[in-house]
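2 protein chains.
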Amino acid sequence: MSQVTGLTVGVLGGTGPQGKGLALRWITAGLAVVIGSRKAERAQATAEELRALVGGTVSGLDNAGCAAAADVVLVAVPWEGHRELLESLRDELAGKIVIDCVNPLGFDKQGPYALHVPEGSAAQQAEKLLPDSRVTAAFHHVSAVHLVDPAIAEVATDVLVLGDDREATDLVRALADVIPGVRGIYGGRLRNAGQIEALTANLIAINRRYKAHAGIRITDV
Amino acid sequence: MSQVTGLTVGVLGGTGPQGKGLALRWITAGLAVVIGSRKAERAQATAEELRALVGGTVSGLDNAGCAAAADVVLVAVPWEGHRELLESLRDELAGKIVIDCVNPLGFDKQGPYALHVPEGSAAQQAEKLLPDSRVTAAFHHVSAVHLVDPAIAEVATDVLVLGDDREATDLVRALADVIPGVRGIYGGRLRNAGQIEALTANLIAINRRYKAHAGIRITDV
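Listed in order, the protein sequences are those of chains A and B. Here this note's numbering runs 885 ahead of the position in the first sequence, where the first position is 1. Here this note's numbering runs 885 ahead of the position in the second sequence, where the first position is 1.
Right under this line is the structure:
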C-alpha cells in the first residue's frame, strides 16, 4: 500500500460500469478518486452515489478536469470515444501514469469478437496519442458486476499489468493489490496488450456458456 | 472419460516438447497414442521413450501415417511448418476432429511477441486448409516442462477449448479433463483463437519475470 498511499486516481469514463466499479474499490482502499465524464454533472452524480455507498474521498469533474487533478489516470471510456478523448487530453496527461483498460470489441449474432486496431491495441494507440505519458494496460478482465457490488468483499482474480516502464507497471500492480482478492501481475510489454484486450471476447463467451462472471488467475506465480 | 474411451489420439509433431508432454499424459490416462513426425524413425524413438516412462499403448509413424491412423489429431508442429504440413494432410484428416495448439510467436531482444497471421490465427489457417475436418483450438498454454515430467502428478491449469462445433469442443474438453489437475473449458468460437495463441507471449514474459511455468485458471467457472 505504501507505494500508492496519498495518490489521487482519476477515472476517465468513471460513470460507466468498469470505471465506477474500480473507483468504488479504490475509494474503499483509502485512495482519493476523481470521477471523470464528458459532463461534470454526471461525474458529480456518480461521485455522490459512490460516497453514499462507501464514504471516502471522491469528487466528479469533466474528463479534462479529472485528468488534470489526478496523479494516475485510468482510461475506462468506450472504445468508440478512445482516440478522440486521448487526443484532447495530451497536455493534462503529460508526465502521468496512464492505465488503459479499454477492450476494442465487436458483437454480432455469433457473439463477441476482437476488433482490428491499426496500432495493435487500445493501449498502443494511447501510447501513440500520449507521447509524454507513461502508458500501461491493466484491469481488462475484472468483472464490473463484481466490482460495483459492495456486498462482494473479495474480487477473486488476477490483473495483468503491461507496459515498458518498470516503475509504472509496479505502481499499477500496487493499485491492483489494494483491491481485496486481486493480485497485480506483470503481464509483458505494451506490444503484447492486444491479446489481453481481445481475451475479453473469450471471457464473455465463457460467461454466456457457463452463466458466470469469469476472471483469470495465473498459476505457478 | 467415457466420451474418450477407446480413442486413438494422433500427435503431429509429437517429438517436440508440447506434443510429447501431452502424449505422455494421454497414454497415462489409458488412451492409445500415435506419435507423428517427419521421419517415422524419430517418431518411433519418442514412442519407445514414452513407453519406457509410463508404459501404455503408443506407436510412432510419419505424420501422414499418424493422421491416417488416429481418430482425433493434435497439431503440435512449429508454426513455421504449420501450413505446409496441413496442406499435405487434407485427405488423411478429412472427417476428423483436429486440435490446433500452435502459437505463432516471434522473439527479439525485447522478448516474445505475437506474429501477424493473415487468417487471424493458426487455428483459422488450419480451418481454411482442412475444409473437411472439424477444427478446434486448445492446449496452447500447458507448460511442456510440467507435462513431460512424470514426477508431476497434477498439472494445475485450465485448457481453453475453442471451436464452432459443439460436439468437437466437448470431446476436446474431455481430452483435457483426463489429465489430472487440468480442466477443459469452452473458450469461444474459432474466430477468437488468435488472442489465445498470442497470450502465450504474455505467459512467457510472466515466466521470465517470475521464474515460473505460468498457466491460467478461469475463475467463477
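No residue lacks a Cβ here, since even glycine has one placed at the ideal position from N, Cα and C.
Contacts of L1045 of chain B in chain A (Cβ-Cβ under 9 Å): In the second sequence, residue 1045 of chain B corresponds to position 160, counting from 1. What L1045 of chain B touches in chain A: N1087, I1091.
Check whether V1046 of chain A and G1069 of chain A have beta carbons under 8 Å apart: Here residue 1046 of chain A corresponds to residue number 161 of the first sequence, with the count starting at 1. Here residue 1069 of chain A corresponds to residue number 184 of the first sequence, with the count starting at 1. Their beta carbons are under 8 Å apart, which means V1046 of chain A touches G1069 of chain A by this criterion.
For A1029 of chain B and D985 of chain B, the rounded distance between their alpha carbons: By one-based count along the second sequence, residue 985 of chain B stands at place 100. By one-based count along the second sequence, residue 1029 of chain B stands at place 144. In a straight line, the C-alpha of D985 of chain B is about 15 Å away from that of A1029 of chain B.
Own chain, CB closer than 6 Å to Q1080 of chain B, minus 5 neighbours either side, in chain order: The residue labelled residue 1080 of chain B in the question sits at position 195 within the second sequence. Closer than 6 Å at the Cβ level, and outside the excluded window around Q1080 of chain B, lies no residue.
CB contact below 8 Å: T1021 of chain A versus chain B: In the first sequence, the residue the question calls residue 1021 of chain A occupies position 136. Taking Cβ atoms only, chain B never reaches closer than 8 Å to T1021 of chain A, which makes this a no.
For G991 of chain A, the first and last residue of its enclosing beta strand (DSSP E): Along the first sequence, one-based indexing puts residue 991 of chain A at 106. Note, G991 of chain A: beta strand (DSSP E), 990-993.
CB contact check: N988 of chain B to chain A, cutoff 8 Å: Along the second sequence, one-based indexing puts residue 988 of chain B at 103. Cβ-Cβ to chain A under 8 Å: no for N988 of chain B.
Below-8 Å beta-carbon distance, D1050 of chain A vs any chain B residue: Along the first sequence, read from residue 1 onward, the residue named residue 1050 of chain A stands at position 165. Output row for D1050 of chain A: interface = no.
Contact under 8 Å by Cβ, P1035 of chain A with V939 of chain A: Your numbering for residue 1035 of chain A matches position 150 in the first sequence. Your numbering for residue 939 of chain A matches position 54 in the first sequence. Yes, they are a contact pair.
Chain B within 8 Å of R910 of chain A, Cβ atoms only: Along the first sequence, read from residue 1 onward, the residue named residue 910 of chain A stands at position 25. Among the residues facing chain B, R910 of chain A is not included, as its CB has no counterpart in that chain under 8 Å away.
Test: G1073 of chain A CB closer than 8 Å to a CB of chain B: By one-based count along the first sequence, residue 1073 of chain A stands at place 188. Chain B, which has a Cβ nearer than 8 Å to the Cβ of G1073 of chain A, makes this yes.
C-alpha gap between V1027 of chain B and A1053 of chain B, whole angstroms: Locating residue 1027 of chain B in the second sequence gives position 142, counting from the first residue. Locating residue 1053 of chain B in the second sequence gives position 168, counting from the first residue. Between V1027 of chain B and A1053 of chain B, the C-alpha separation is close to 20 Å.
Whole-angstrom C-beta distance between A999 of chain A and V1099 of chain A, which should lie under 8 Å: Within the first sequence, the letter at position 214 stands for residue 1099 of chain A. Within the first sequence, the letter at position 114 stands for residue 999 of chain A. The displayed chain sequence assigns Ala, not Val, to residue 1099 of chain A. Taking the Cβ atoms as the reference, A1099 of chain A lies roughly 16 Å from A999 of chain A, outside the contact range of under 8 Å.
Entirely enclosed beta strand (DSSP E) segments - the region 949-981 of chain B, minimum 3 residues: 957-960
Interface partners of R1076 of chain A on chain B, CB under 7 Å: As a first step, residue 1076 of chain A is located in the first sequence; it is residue number 191 there, counting from the start. Going along chain B in sequence order, the residues near R1076 of chain A (Cβ under 7 Å) are Y998.
Alpha carbon of G950 of chain A to alpha carbon of Y1071 of chain A, nearest angstrom: Mapped onto the first sequence, residue 950 of chain A falls at position 65. Mapped onto the first sequence, residue 1071 of chain A falls at position 186. Looking at the two C-alpha atoms, the distance is approximately 30 Å.
Residue-chain proximity (L1032 of chain A, chain B), Cβ-Cβ < 8 Å: The residue you call residue 1032 of chain A lines up with position 147 of the first sequence. No - not a single Cβ of chain B is within 8 Å of the one on L1032 of chain A.
Limits of the beta strand (DSSP E) - the one that A1022 of chain A falls within: Counted from its first residue, the first sequence places residue 1022 of chain A at position 137. Residues 1019-1022.
Simplified DSSP state of P1065 of chain A, which is helix, strand or coil: Position 180 of the first sequence, counting from 1, holds the residue named residue 1065 of chain A. Note: P1065 of chain A maps to coil in three-state DSSP.
Per DSSP, the bridge partner or partners of I984 of chain A: Residue mapping note: residue 984 of chain A aligns to position 99 of the first sequence, counting from 1. A:L959, A:T1021.
CB of V960 of chain A within 8 Å of CB of G898 of chain A, strictly: Residue mapping note: residue 960 of chain A aligns to position 75 of the first sequence, counting from 1. Residue mapping note: residue 898 of chain A aligns to position 13 of the first sequence, counting from 1. Cβ distance < 8 Å, so V960 of chain A and G898 of chain A count as in contact.
Under 7 Å by beta carbon: chain B residues contacting V1106 of chain A: Translated into positions along the first sequence, residue 1106 of chain A becomes position 221. Near V1106 of chain A (Cβ distances below 7 Å), the residues of chain B are I1091, Y1095, A1097, A1099.
Endpoints, the alpha helix (DSSP H) within which L1015 of chain A is located: For the purposes of this step, residue 1015 of chain A is taken as the residue at position 130 of the first sequence. Note, L1015 of chain A: premise wrong, no alpha helix (DSSP H); not H, not E.
8 Å Cβ shell around W964 of chain A - same chain, five flanking residues per side excluded: As a position in the first sequence, residue 964 of chain A is number 79, starting the count at 1. Only V987, N988, P989, L990, L1000, A1007 meet the Cβ criterion.
At least 3 beta-carbon pairs within less than 8 Å: the region 1053-1063 of chain A vs the region 918-937 of chain A: no
Straight-line gap, I1103 of chain B to G1005 of chain A (C-alpha atoms, nearest Å): As a working mapping, residue 1103 of chain B is identified with position 218 in the second sequence. As a working mapping, residue 1005 of chain A is identified with position 120 in the first sequence. Between I1103 of chain B and G1005 of chain A, the C-alpha separation is close to 25 Å.
Sequence-distant residues of its chain with Cβ nearer than 7 Å to L1032 of chain B (five each side left out): Walking along the second sequence from the start, residue 1032 of chain B turns up at place 147. Result list for L1032 of chain B: G906, L907, L909, R910, V1040, in chain order.
Check whether V1063 of chain B and V1044 of chain B have beta carbons under 8 Å apart: As a first step, residue 1063 of chain B is located in the second sequence; it is residue number 178 there, counting from the start. As a first step, residue 1044 of chain B is located in the second sequence; it is residue number 159 there, counting from the start. Not a contact, by the Cβ cut-off of 8 Å.
Best match in B:G996, B:G941, B:R1074, B:T1042 for proximity to G891 of chain B [C-alpha to C-alpha]: Numbered from 1 along the second sequence, position 6 holds the residue referred to as residue 891 of chain B. Of the candidates B:G996, B:G941, B:R1074, B:T1042, B:G941 places its Cα closest to the Cα of G891 of chain B.
Minimum length 3: unbroken beta strand (DSSP E) runs contained in the region 888-959 of chain B: 893-897, 917-922, 943-947
Pair within 8 Å by beta-carbon distance, V958 of chain A and A952 of chain A: On the first sequence, residue 958 of chain A is found 73 positions in, with the first residue counted as 1. On the first sequence, residue 952 of chain A is found 67 positions in, with the first residue counted as 1. In this structure, A952 of chain A lies closer than 8 Å to V958 of chain A by Cβ.
Minimum C-alpha distance to A1011 of chain A - residue among A:G904, A:L1088, A:V919, A:A1078: For the purposes of this step, residue 1011 of chain A is identified with residue 126 of the first sequence, where counting begins at 1. Of A:G904, A:L1088, A:V919, A:A1078, the residue nearest in Cα terms is A:A1078.
Helix, strand or coil at A999 of chain B according to DSSP, with G and I counted as helix: Residue mapping note: residue 999 of chain B aligns to position 114 of the second sequence, counting from 1. Here A999 of chain B sits in strand by DSSP.
Identified DSSP bridge partners for I1070 of chain A: Here residue 1070 of chain A refers to the residue found at position 185 when the first sequence is read from its first residue. Assignment of beta-bridge partners to I1070 of chain A by DSSP yields A:L1045.
Any C-beta of chain A under 8 Å from that of I1064 of chain B: In the second sequence, counting from the first residue as 1, residue 1064 of chain B sits at position 179. Not one chain A Cβ lies under 8 Å of I1064 of chain B.
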